[in-house]
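With mature numbering (1 follows the signal peptide of the UniProt record, and there is no 0) as the guide, the letters of the sequence shown map in order to residues -19 to -1, 1 to 208.
The beta carbon of each residue, even a glycine, is placed where N, CA and C say it ideally should be.
Here is the structure we will look at, set down as structure tokens.
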Amino acid sequence: MRIRNAFPVFGLLTTLALAGCSTNSDSASVDDKGAGPTVQTAQIFNDAYGVTKDAGYSLPAIPIDRVKPQFRRQVVSYQTTERPGTIIVNTRERFLYYILANGKAMRYGIGVGKQGFAWAGTAYVAWKQEWPTWHPPKEMAVRRPDVAKYVEDGMGPGLSNPLGARAMYLFNEDGKDTLFRLHGTPEWASIGTAASSGCIRLMNQDVIDLYSRVRPGKGTSKVVVIQ
């Protein structure tokens, strides 16, 4: 299903670029920024990245020893005034926090937008989709002719789809599509880098876990993105 009523929101949003949620060969790695001052690790899910059977697909195992420990899924102490169920995305740290009760959060490593495709603001998850179809915008096809064939009909679900195993679609307070997504990626090595066209990407095994926790709706799935 393709949303067609999207329009620009928030100051730093590069809208038509964001809809692509893809990457190319000029992905740039970043320095290790650590966990920041707000967290204390309680549990790391190192065993969560094996071969995963899902909806008829077989997600390959991620060589988790090649992913920096801070970017692996883990429960951390996290003090915030936001209520449980809120998602806080810290693009500078390359972390996504799903707020739990009692001062805890589930933390995931993420890949973020390249310079020029950054975004910050408050939104909510309006809807979510398993194994989504990817529709790159025409503007992305101009930059990357290799994706032009997917502009009209899209790239169907699959292991090589840039949106990965799950996608969550963010709308603003007025109920309009921001073109900003939280989604999976087959490119696990891009986690911790600024590589995408604006969307927030997670390892597929992590986005499946996050997806299972999120309840779409304006009052149940607030998302705060900070730079």
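- Close CB contacts of PHE76 within its chain, under the 6 Å cut and outside five residues either way in sequence, are with ARG88 (chain order).
- In this structure, the straight-line span from the alpha carbon of PRO167 to that of GLY90 is close to 14 Å.
- For ARG47, there is no enclosing beta strand (DSSP E), since its DSSP letter is neither H nor E.
- The alpha-carbon separation between VAL195 and LYS203 amounts to approximately 10 Å.
- Inter-residue distance for ARG73 and GLY173 is about 10 Å (C-alpha atoms, whole angstroms).
- In the three-state reduction of the DSSP assignment, ASP190 falls in the helix class.
- For TRP115, the beta-bridge partners assigned by DSSP are MET136.
- By the C-beta criterion, the stretch 151 to 164 is judged not to be in contact with the stretch 126 to 135, since fewer than 3 inter-stretch pairs fall below 8 Å.
- DSSP places ILE69 inside the beta strand (DSSP E), whose first and last residues are 68 to 71.
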